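Numbering (the numbering used here), first residue to last: 580 to 1082. Glycine included, C-beta positions come from ideal geometry on N, C-alpha and C. Owing to the predicted nature of the structure, the values given are computational and were not obtained by experimental measurement. Take a look at the structure below.
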């Protein structure tokens, strides 16, 4: 999972710990490069190193241009392309789950303690299997993304592809016939992809705990609450259910530590500063060489602006880099965005970064790469605070230069971004308050089955009233048939057939 997933879950752990709750965090590692984010207060951490098979597989994905990591830059990662690459995610998630749960002392350790509530990601279902295995029945599901389509199906949340953009789609709310069709197909392929991952983890638990172990989809659906990393004030409006609680931006701290002297010096070099970061999954060093050259040249041509580029390797150190470009393998992104000296953010549009854009009040150029990023970009574009740019346009330094200069001079986008930020900061209920109230409520009252909609147990025919429509159609046809027969009988009675005689 990406860094934003860890920050979302870690942010919740920190808030619960600060409120006086005893929090145990399980940390199975799947990405050797990932730095743990979000958690700084929890004292009970269970670390489990990356499995050797997963490590070899991830190394191959980074080094082979035909595998997942490099393809994020090279291909248009539509839901259909993502579905083709399900094998990568399925293997990593299933193997990581089996290694952490059944090849370590994890279950023994957890069974030796008493827990009131379990909280786990609903994108990776392993945590819910762990809770079932140790007998913990009061659980909360969490999505560090928006409400994904397969999660909506599990929880009985209405899905309306006619106007709600799919979780991995690239649509606006207003869609024509073709776009609605693509949105519907994208929803289907996303659900199919995630169902495949869940089936692989199902097999892991049944292999070790017996065929009678409950299905993960049923365990997750019984969750008392679903926390999501969304904010209703910027999210696409959609139907929901009572057990969904939006905590978008919960990882963003109200008081941030001051920037170091080094970062202060970088921010003070020019009147305006631009931050470039493409997240923790699709790393910058994996992008095509033409993209790297174009970015460097675009920066060189905007010499009156300072640029910070999160770049993970040292291969550019031998290049003739412009003086206004500062490379760093890590950036204090939230703190930089909160600083008034930062003027613009060039981002991949991950949901963590999307929330930070909205809360910081900074305009942005979003260059979506895969998964939910195109949707997140459209979500912010709806508020006119970002410009969307295709990743394939990164090969053209002129297009990047023009986009950066346009956004730096767009006063309307800056005002609208500041308005969104103020709205989120003055929201009636803050994410922190919602988290604490709901977790403590669930700890006291249990799994809350009264919030479970019966609709999730209906068949496709029942849910969409196809049986009712069929019955109505049959009744209508029956009535029309009776009317026809009666009218024909009346007609024959009053208009007898004319008989002709032959002589």
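- Burial state of residue 806 is buried, judged by a 10 Å Cβ sphere holding 16 or more other Cβ atoms.
- Excluding five sequence positions before and after residue 1017, the CB atoms of its chain that fall closer than 6 Å to its own CB belong to 804 and 824, given in chain order.
- Bridge pairing for residue 907: 889 [DSSP].
- Separation of the CB atoms of residue 856 and residue 926 is rounded to 6 Å, and the pair is thereby assigned contact status at 8 Å.
- Judged by DSSP in its simplified three-state form, residue 936 adopts helix.
- Just measuring C-alpha positions, the residue of 875, 1064 and 891 sitting nearest residue 898 is 875.
- The DSSP-derived three-state label of residue 603 is strand.
- Of all C-beta pairs linking the stretch 704-712 to the stretch 722-742, fewer than three are shorter than 8 Å, placing the two stretches out of contact.
- Note on geometry: alpha-carbon atoms of residue 1023 and residue 689 lie some 21 Å from one another.
- The stretch 842-906 contains, as complete beta strand (DSSP E) runs of 3+ residues, the segments 851-856 and 884-889 (chain order).
- By the Cβ test, the stretch 1059-1068 is not in contact with the stretch 833-841, since fewer than three Cβ pairs between them sit closer than 8 Å.
- The DSSP-derived three-state label of residue 680 is helix.
- Between the stretch 989-1009 and the stretch 923-943, the count of Cβ pairs shorter than 8 Å is three or higher; the stretches touch.
- The beta carbon of residue 779 sits closer than 8 Å to the beta carbons of 669, 670, 672 and 673 from its chain, once the five residues preceding and following it are set aside; these are given in chain order.
- Around residue 932, the same chain offers 926 as residues with beta carbons nearer than 6 Å, after the five sequence neighbours per side are excluded.
- By the criterion of a C-beta distance shorter than 8 Å, residue 829 is surrounded in its chain by 587, 590, 591, 594, 808, 1010, 1011 and 1014, once the five residues flanking it on both sides are discounted.
- Counting along the chain, residue 741 sits inside no beta strand (DSSP E), nor does DSSP assign it H or E at all.
- Here residue 853 really is in contact with residue 922; their C-beta atoms are around 6 Å apart, less than 8 Å.
- A straight line joining the alpha-carbon of residue 1004 with that of residue 1048 spans about 47 Å.
- Between residue 602 and residue 781, the alpha-carbon positions lie close to 26 Å from each other.
- A distance below 7 Å between beta-carbons, with the five flanking residues on each side excluded, links residue 848 to the following residues of its chain, in chain order: 885.
- With respect to the 8 Å criterion, residue 751 and residue 961 are classified as neighbours on the basis of their beta carbons.
- It is roughly 7 Å from the alpha-carbon of residue 766 to the alpha-carbon of residue 746.
- In terms of Cα proximity to residue 985, the closest of 964, 1001, 974 and 1000 is 964.
- Check the Cα spacing between residue 606 and each of 598, 676 and 634: the tightest is with 676.
- Beta bridge pairing from DSSP links residue 967 with 945.
- For residue 925, no alpha helix (DSSP H) encloses it; the enclosing beta strand (DSSP E) starts and ends at 921-926.
- Under the criterion of beta carbons closer than 8 Å, residue 978 and residue 972 qualify as touching, at roughly 5 Å.
- Just measuring C-alpha positions, the residue of 887, 652, 1038 and 701 sitting nearest residue 796 is 701.
- Annotated three-state conformation of residue 792 is coil, per DSSP.
- Taking the Cα of residue 718 as reference, the smallest distance to any Cα among 582, 604, 982 and 799 is reached at 799.
- Beyond the five residues adjoining it in sequence on each side, residue 1021 comes within less than 8 Å, by CB distance, of 696, 717, 719, 803, 804 and 1027 in the same chain, given in chain order.
- For the pair residue 760 and residue 826, the Cα-to-Cα distance works out to about 31 Å.
- Within the same chain, and ignoring the five residues on either side of residue 820 in sequence, the residues whose Cβ sits closer than 6 Å to its Cβ are 736 and 1032.
- Straight-line measurement puts the Cα of residue 1046 at about 33 Å from the Cα of residue 791.
- A buried status is given to residue 952, since no fewer than 16 other beta-carbon atoms sit within 10 Å of its beta-carbon.
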